[in-house]
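Data block below; observations after.
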């Protein structure tokens with residue numbers, strides 16, 4: 001179908017269905033007069049008012065239309081529309097609608113006529129439908145429900161006073177036409193979505209190793225059998241690597257992954273835009289057998305179906321529509337979300353697998369950052385994030401931005417660290433993150449405990465050891481309880497979540513219990529070691545309770561201790577205040593004491609070097625924390641002698657509220 005053939009069909013249809021005095025008739029005659037040289041190059045038309053020569057009139061229009069020479073090559077854009085129609089398996093009517101609208105939009109003479117019809121109020125949907133072969137009474141409806149419109153290749157909408165309907169080519173299809181694409185693979189890339197490339201390896205998701213292997217088999221089986229209705233949902237907080245997991249999974253399966261509905265040429269896509277993109281990609285890729293789809297931020301599609309709760313049939317229709325979409329999708333789809341609290345359970349039940357993504361452990365974060373640095377051409381510069389990796393769970397998600405910013409600045413590891421810290425500070429609303437306990441310089445031989453600490457930590461961290469271990473760390477301040485908890489988390493390659501009494505206690509009835517539950521849930525979801533500091537404020541003896549809610553908060557904590565599947569540590573300076581039932585629930589109870597004379601000497605050598613002075617053994621109650629404080633004081637005091645250091649240690653001992661007898665007396 002060339003442009004002249006379409007013009008001929010259009011002239012005949014409008015001549016047949018309109019009166020000669022109508023606005024459409026006048027617009028048609030004006031356009032035909034402008035196009036005389038193109039439509040009838042061999043006919044000499046008389047000047048207006050002349051008696052002789054061919055007349056361009058409403059009565060003569062059918063005969064003139066028959067005289068149009070329609071033998072011409074088909075325009076390239078119609079070749080492209082046919083290729084797209086083949087890929088999308090359009091029926092003859094849908095194919096013709098796509099060709100007609102593309103011609104009206106892109107062929108200059110027909111586009112000019114479309115503008116004239118628009119100006120006189122012609123219903124273009126009905127016109128296109130009739131040209132494509134539909135009955136006049138049903139033409140507009142069939143076009144509106146056709147594949148090209150439903151899949152977002154064409155747009156249709158009311159204009160003016162709403163009496164007419166306008167049609168046009170959507171921006172994505174317009175880009176395909178402008179590029180003159182004809183190769184099927186190029187068309188798929190242009191219309192299905194952004195093809196994704198994996199930058200990580202399966203080993204970078206060690207915490208999800210079993211789930212990764214199962215999903216790899218599941219998706220490979222779905223592609224091999226051509227199974228419909230296969231959906232995988234990955235959810236978790238921002239920065240946990242959900243999209244990277246999907247990319248890596250697709251690469252492991254050997255499939256191409258297309259991210260659908262992520263752009264609408266300079267504007268935010270609506271739910272309708274994303275839905276059209278999803279349906280279009282499903283149609284394009286259904287017969288390939290080597291493709292997966294990625295729908296990020298699935299709330300855009302799923303949540304809206306839940307917003308109609310309580311509004312009657314509208315909610316039911318929307319919910320059913322999404323359910324059927326999930327049940328019938330021909331291409332396996334990976335969905336991602338930050339949270340599921342607003343997604344209807346009916347949609348969740350139609351998932352093939354639901355995976356909760358937690359922040360990667362520190363070891364995995366380091367591997368991910370190294371890979372990202374290599375991909376960004378900054379191998380070695382990722383070391384600038386080393387100081388942030390153990391403390392900041394989302395560092396791996398920020399690595400790419402930090403590395404790219406440093407690369408643009410022409411810097412190295414120092415700039416990477418500066419950019420990374422700025423991003424973390426921004427995400428925290430300008431608040432500096434709380435300091436995390438340092439473990440690099442921790443010396444377990446300086447712990448004065450009722451059992452050897454080092455072997456116990458090794459048993460807890462051994463491969464295959466039960467994960468639901470609980471530890472009670474008691475002893476005076478400075479004996480290293482918090483640092484020991486951080487070390488346990490590091491050896492387990494898990495993040496450390498610290499909750500203090502001020503984080504959990506509330507003056508509102510029931511709020512403390514809720515915060516305790518949230519703390520355990522947070523640790524479980526992120527795979528973290530949970531540390532309750534100042535635990536005596538939470539697990540105090542219920543016999544001393546004054547109010548009922550004090551008892552209920554202890555009961556809440558005990559209940560969670562019984563069911564928590566991951567490491568839990570409680571630290572307190574006041575063991576005697578703890579509830580007896582709480583004491584029985586801890587697998588290991590470690591009593592830390594002030595340093596004995598041999599360990600005092602070891603601490604002196606560790607912090608200050610040289611031979612310990614004779615008077616050191618006479619100071620009672622010293623802990624590793626006291627030595628660390630004095631070591632920090634010495635940064636502001638140059639040339640201190642052993643006697644000066646000893647005096648400072650005596651001052652720390654004297655400042656303690658407890659009174660310890662001198663060691664050895």
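Residue numbers (the working numbering): 1 to 665.
All C-beta atoms in this analysis are idealised placements derived from N, C-alpha and C, irrespective of residue type, glycine included.
(message) Within the continuous alpha helix (DSSP H) that includes residue 89, where are the two ends?
(response) In the chain shown, counting from the first residue as 1, residue 89 sits at position 89. No alpha helix (DSSP H) contains residue 89, which DSSP labels as neither H nor E.
(request) Can you grab the Cα-Cα spacing for the pair residue 536 / residue 204, in whole Å? (result) Locating residue 536 in the chain shown gives position 536, counting from the first residue. Locating residue 204 in the chain shown gives position 204, counting from the first residue. Roughly 39 angstroms separates the two Cα atoms.
(request) Using alpha carbons as the reference points, say which of 376, 380, 418 lies closest to residue 400. (result) In the chain shown, the residue the question calls residue 400 occupies position 400. For residue 400, the nearest C-alpha among the options comes from 376.
(request) With residue 248 as the anchor, note down where its alpha helix (DSSP H) starts and where it stops. (result) Within the chain shown, the letter at position 248 stands for residue 248. 242–253 is the extent of the alpha helix (DSSP H) around residue 248.
(message) Can you look up residue 667 in the DSSP assignment and give me helix, strand or coil?
(response) Limits of the chain in this structure are 1 at one end and 665 at the other, which puts residue 667 out of reach.
(message) Do residue 357 and residue 240 have their beta-carbon atoms positioned less than 8 angstroms apart in this structure?
(response) Numbered from 1 along the chain shown, position 240 holds the residue referred to as residue 240. Numbered from 1 along the chain shown, position 357 holds the residue referred to as residue 357. Yes, the Cβ-Cβ distance between residue 240 and residue 357 is below 8 angstroms.
(request) Assign residue 80 to buried or exposed, taking buried as 16 or more other Cβ atoms, counted over all protein chains shown, within 10 Å of its Cβ. (result) Your numbering for residue 80 matches position 80 in the chain shown. Label assigned to residue 80: buried.
(message) Tell me the rounded alpha-carbon separation between residue 581 and residue 250.
(response) What you label residue 581 is simply residue 581 of the chain shown in a count that begins at 1. What you label residue 250 is simply residue 250 of the chain shown in a count that begins at 1. Distance between the alpha carbons of residue 581 and residue 250 is about 50 angstroms.
(request) Using a threshold of 8 angstroms, state whether the C-beta atoms of residue 146 and residue 93 are closer than that. (result) On the chain shown, residue 146 is found 146 positions in, with the first residue counted as 1. On the chain shown, residue 93 is found 93 positions in, with the first residue counted as 1. A contact, by the Cβ cut-off of 8 angstroms.
(message) With the cut-off set at 8 angstroms, would you say residue 554 and residue 518 are in Cβ contact?
(response) Within the chain shown, the letter at position 554 stands for residue 554. Within the chain shown, the letter at position 518 stands for residue 518. Contact flag unset, no.
(message) Less than 8 angstroms between C-beta atoms, sequence neighbours within five positions excluded: which residues of the same chain meet that for residue 585?
(response) Here residue 585 is taken as the residue at index 585 of the chain shown, counted from 1. The residues are 470, 558, 561, 562.
(message) Using only the alpha-carbon positions, how far apart do residue 479 and residue 464 sit?
(response) Within the chain shown, the letter at position 479 stands for residue 479. Within the chain shown, the letter at position 464 stands for residue 464. Rounded to whole angstroms, residue 479 to residue 464 spans 30 angstroms at the Cα level.
(message) Here's the rule: buried if 16 or more other CB atoms are within 10 angstroms of the residue's CB, otherwise exposed. What is residue 268?
(response) By one-based count along the chain shown, residue 268 stands at place 268. By the neighbour-count rule (16 or more Cβ atoms within 10 Å), residue 268 is not buried but exposed.
(request) Would you kindly check if the distance between the Cβ of residue 70 and the Cβ of residue 717 is under 8 angstroms? (result) Only positions 1 to 665 of the chain appear in this structure, which leaves residue 717 out of reach.
(message) Does residue 221 come out as helix, strand or coil in the three-state DSSP assignment?
(response) Position 221 of the chain shown, counted from the start, is the residue given in the question as residue 221. Of the three classes helix, strand and coil, the one that applies to residue 221 here is helix, per DSSP.
(message) Is the separation between the beta-carbon of residue 275 and that of residue 331 shorter than 8 angstroms?
(response) By one-based count along the chain shown, residue 275 stands at place 275. By one-based count along the chain shown, residue 331 stands at place 331. The answer is no: Cβ separation not under 8 angstroms.
(request) Look at the alpha carbon of residue 371 and the alpha carbon of residue 344, and state the distance between them as a whole number of angstroms. (result) Here residue 371 is taken as the residue at index 371 of the chain shown, counted from 1. Here residue 344 is taken as the residue at index 344 of the chain shown, counted from 1. Rounded to the nearest angstrom, the two C-alpha atoms are 37 angstroms apart.
(message) So within the stretch 70–158, which uninterrupted alpha helix (DSSP H) runs reach at least 4 residues, ignoring any that extend past its ends?
(response) Counting only runs of at least 4 residues, the stretch 70–158 fully encloses the following alpha helix (DSSP H) elements, listed from N- to C-terminal order: 76–87, 92–106, 108–119, 124–131, 139–144, 147–150.
(request) Please classify residue 638: is it buried, with 16 or more other beta-carbons within 10 angstroms of its beta-carbon, or exposed? (result) For the purposes of this step, residue 638 is taken as the residue at position 638 of the chain shown. By the neighbour-count rule (16 or more Cβ atoms within 10 Å), residue 638 is not buried but exposed.
(request) Quick one: residues in its chain with C-beta nearer than 7 angstroms to the C-beta of residue 229, no 5 flanking neighbours on either side, listed in chain order? (result) If you number the chain shown from 1, residue 229 lands on position 229. Excluding residues within five positions, the ones whose Cβ falls inside 7 angstroms are 326, 327, 328, 329.
(request) With a threshold of 16 other CB atoms inside 10 Å of the CB of residue 213, please say whether the residue is buried or exposed. (result) For the purposes of this step, residue 213 is taken as residue 213 along the chain shown, with counting starting at 1. So residue 213 ends up on the exposed side.
(message) Contact between the stretch 127–134 and the stretch 184–193 is defined here as three or more beta-carbon pairs at a separation below 8 angstroms; is this criterion met?
(response) no
(message) Only counting the same chain, and skipping five residues up and downstream in sequence, which positions put a Cβ closer than 8 angstroms to that of residue 482?
(response) Counted from its first residue, the chain shown places residue 482 at position 482. Excluding sequence neighbours, residue 482 sits near 437, 498, 531, 533, 571.
(message) Looking at the secondary structure, which residues open and close the alpha helix (DSSP H) in which residue 416 lies?
(response) Taking the first residue of the chain shown as position 1, residue 416 is located at position 416. Where residue 416 is concerned, the enclosing alpha helix (DSSP H) stretches over 413–427.
(message) When you compare the stretch 505–515 with the stretch 450–469, are there three or more beta-carbon pairs, one atom per stretch, that lie closer than 8 angstroms?
(response) Judged by Cβ distances under 8 angstroms, the stretch 505–515 makes no contact with the stretch 450–469, as fewer than three pairs qualify.
(request) Taking 8 angstroms as the cut-off, decide whether the C-beta atoms of residue 448 and residue 596 are in contact. (result) In the chain shown, residue 448 corresponds to position 448, counting from 1. In the chain shown, residue 596 corresponds to position 596, counting from 1. In this structure, residue 596 lies closer than 8 angstroms to residue 448 by Cβ.
(request) Go ahead and pull the three-state DSSP assignment for residue 555. (result) Translated into the one-based positions of the chain shown, residue 555 becomes position 555. Three-state DSSP puts residue 555 in a helix.
(request) From the DSSP output, in three-state form, read off residue 201 for me. (result) For this step, residue 201 is matched to residue 201 along the chain shown. Per DSSP, reduced to three states, the secondary structure at residue 201 is coil, with no helix or strand assignment.
(request) Using the Cα positions of residue 418 and residue 493, report the straight-line distance between them to the nearest angstrom. (result) As a working mapping, residue 418 is identified with position 418 in the chain shown. As a working mapping, residue 493 is identified with position 493 in the chain shown. If you take the alpha carbons of residue 418 and residue 493, they lie about 25 angstroms apart.
(request) Kindly indicate which residue of 645, 295, 346, 341 has the alpha-carbon position closest to the one of residue 320. (result) In the chain shown, residue 320 corresponds to position 320, counting from 1. Cα-wise, what sits closest to residue 320 is 346.
(request) Identify, in the order they occur along the chain, each residue of the same chain with its Cβ nearer than 6 angstroms to the Cβ of residue 142, setting aside the five sequence neighbours on each side. (result) Along the chain shown, one-based indexing puts residue 142 at 142. The residues are 129, 134.
(message) So, for residue 381: in the same chain, excluding its five sequence neighbours on each side, which residues have a beta-carbon less than 6 angstroms away from its beta-carbon?
(response) Here the question's residue 381 lines up with position 381 in the chain shown. Cβ within range, chain order: 373, 412, 413, 416.
(message) Mapping the DSSP letters down to three states, classify residue 656 as helix, strand or coil.
(response) In the chain shown, the residue the question calls residue 656 occupies position 656. For residue 656, the three-state secondary structure derived from DSSP is coil.
(message) With the cut-off set at 8 angstroms, would you say residue 593 and residue 475 are in Cβ contact?
(response) Counting from one through the chain shown, the residue named residue 593 turns up at place 593. Counting from one through the chain shown, the residue named residue 475 turns up at place 475. The answer is yes: Cβ separation under 8 angstroms.
(request) Tell me residue 54's beta-bridge partners as DSSP assigns them. (result) The sequence position of residue 54 within the chain shown is 54, counting from 1. DSSP lists 45 as partners of residue 54.
(message) Let's test the definition: count the other Cβ atoms within 10 Å of the Cβ of residue 242 and tell me whether it reaches 16, buried, or not, exposed.
(response) Position 242 of the chain shown, counted from the start, is the residue given in the question as residue 242. The residue is buried, with at least 16 neighbouring Cβ atoms inside 10 Å.
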